[in-house]
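Engineer: Take the position in the sequence shown, starting the count at 1, then add 5; the result is the number in the numbering used here.
Idealized CB from N, CA, C, for every residue including glycine.
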Amino acid sequence: MKGTRITWLGHATVLVETAKGTNILIDPFIAQNPKYPKTFVLPAKIDYILLTHGHGDHIADTVDVAAGHGSTVVAIYELAAYVGGKGVANTIGMNLGGTVQLGEVAATMVEAKHSAAAQDDQGTHYVGVAAGFVLTIGDGPVLYHAGDTAVFSDMNLIRELYHPEVAMVPIGGHYTMGPREAALAVSYLKPEVVLPLHFGTFPPLKGTPQELIALLDSSVFVFQGNPGEAI
Ligand code: NI
Ligand code: MN
């Protein structure tokens, strides 16, 4: 991992801390996340919050974390504007296929297959489409967080362009791909390490890492730790 630490915080929430000290939190779902490790203390400084899409289980704590940890929020253009309207002071809006430089981390927004509205007291809002992120860390590994998605064959393009060494993919089923589809995704992406996301949080999310492992060859390491444990 070349000094990069990845900590799964339950559901799709992941903390990335690089060797050079850039801290990135992806899809903050904390207060209402049944799998969030309640004793876990976030770093005082979180440089960037990355949002894959506007669903509540991915953006719920964005405003609070950004205010408390001095974070700039990076999201697809419409979602960045939406959280800006909710009180986030610093945002970077981008779009599919684009790359922004976040310190020594090049963050590329890639495709996902999923719906993506945001809902609040005023109703349902269009906040762009769902996305994933590839994080190419200078002097570090290449990470891919798929967000919420079905499997799609253009994951081959993600491998061809970026060669992710760590793939964070949903496996719970119902709202995203399950283990069978995730195994095909892994065969396209060819990572060394898989971090399963978006399973076990709520009763419908039935897929398990064990089901995924049974479908993969043994050369791929699948993280089976608990939320709050680092890879
Ligand atoms: Ni979603
Ligand atoms: Mn979700």
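At a cut-off of 7 Å, is residue 153 close to the ligand NI when judged by its beta-carbon and the heavy atoms of the ligand?
Structural biologist: yes
Engineer: Can the beta-carbon of residue 176 be found closer than 8 Å to that of residue 150?
Structural biologist: no
Engineer: When you measure from the CB of residue 243 to every non-hydrogen atom of the ligand MN, does any distance come out below 7 Å?
Structural biologist: Given that the chain is displayed from residue 6 to residue 236, the structure contains no residue 243 and the question cannot be resolved.
Engineer: Enumerate in chain order the residues of its own chain whose CB-to-CB distance from residue 122 is below 7 Å, with the five nearest sequence positions on each side excluded.
Structural biologist: Same-chain partners within the cutoff: 59, 129, 130, 131 and 132.
Engineer: Does the Cβ of residue 120 have 16 or more other Cβ atoms within 10 Å, making it buried, or fewer, making it exposed?
Structural biologist: exposed
Engineer: Alpha helix (DSSP H) containing residue 74: first to last residue?
Structural biologist: 67-74
Engineer: Report the option in 85, 231, 183 and 154 whose CA atom is closest to the CA atom of residue 218.
Structural biologist: 183
Engineer: Using a threshold of 7 Å, is the CB atom of residue 58 nearer than that to any non-hydrogen atom of the ligand ADP?
Structural biologist: You won't find the ligand ADP in this model; what it holds is the ligand NI and the ligand MN.
Engineer: Which ranges does the beta strand (DSSP E) cover as unbroken runs of at least 3 residues, wholly within the segment 103-188, from first to last along the chain?
Structural biologist: 104-107, 110-116, 123-125, 128-130, 136-142, 147-150 and 171-175
Engineer: Could you tell me the distance, in whole angstroms, from the CA atom of residue 112 to the CA atom of residue 39?
Structural biologist: 28 Å
Engineer: In terms of residue numbering, what span does the alpha helix (DSSP H) encompassing residue 87 cover?
Structural biologist: 82-90 is the extent of the alpha helix (DSSP H) around residue 87.
Engineer: Can you tell me where the beta strand (DSSP E) with residue 221 in it begins and where it stops?
Structural biologist: Element bounds for residue 221: n/a, residue is neither H nor E.
Engineer: Between the C-alpha atoms of residue 24 and residue 235, what's the straight-line distance to the nearest angstrom?
Structural biologist: Annotation: residue 24 to residue 235 spans about 14 Å, alpha carbon to alpha carbon.
Engineer: Spatial neighbours of residue 104 within its chain, please: C-beta separation below 6 Å, excluding the five flanking residues on both sides.
Structural biologist: 111 and 113
Engineer: What separation, rounded to the nearest whole angstrom, lies between the Cα atoms of residue 291 and residue 171?
Structural biologist: Outside the modelled stretch of the chain, which goes from 6 to 236, sits residue 291, for which no answer is possible.
Engineer: Put residue 225 into one of helix, strand or coil per three-state DSSP.
Structural biologist: coil
Engineer: Does the segment 142-156 come within contact of the segment 17-36, defined as at least 3 CB pairs closer than 8 Å?
Structural biologist: Here the segment 142-156 makes contact with the segment 17-36; the two share three or more CB pairs at distances below 8 Å.
Engineer: Please indicate yes or no: does the CB of residue 180 lie closer than 7 Å to some heavy atom of the ligand MN?
Structural biologist: yes
Engineer: Enumerate in chain order the residues of its own chain whose CB-to-CB distance from residue 42 is below 6 Å, with the five nearest sequence positions on each side excluded.
Structural biologist: 232 and 233
Engineer: Should residue 161 go down as buried or exposed, given a rule of 16 or more other Cβ atoms within 10 Å for buried?
Structural biologist: Exposed: under 16 other Cβ atoms inside 10 Å.
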